[in-house]
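In this text, residue positions in the sequence shown follow the numbering used here: the first is 29, and each later residue adds one.
Idealized CB from N, CA, C, for every residue including glycine.
These numbers come from a predicted model, not from an experiment.
Working notes, structure below.
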Amino acid sequence: MDLNREYASHQQALMAARTSQSQSERTRHLDLASAIAARINAFQLQLGAAAACAWSAAHLAPTADA
């Protein structure tokens, strides 16, 4: 897994959610961000990466202000 690509995709999904014109579009982007975060988390946990604990706590996409 290319973590840099996954992190970038996650950020792009969050930015797209923030600029969405409709609630359904926003929800779709936030769902994508959450799915990407879950993949990152699973990969890090599989490796035993120390960052996995921090990422696990923060992997949910923000819903306020976005």
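CB-CB length for residue i against residue j, believed under 8 Å
| i | j | result |
| --- | --- | --- |
| Ala45 | Ala61 | 7 Å |
| Ala78 | His57 | At roughly 29 Å, the Cβ-Cβ gap does not stay under 8 Å, so Ala78 and His57 are not in contact. |
Given residue i as reference, the closest of the options once Cα atoms are compared
| i | options | result |
| --- | --- | --- |
| Leu31 | Glu53, Leu75, Arg54, Ile68 | Ile68 |
Contact check, residue i vs residue j, beta carbons under 8 Å
| i | j | result |
| --- | --- | --- |
| Phe71 | Met43 | no |
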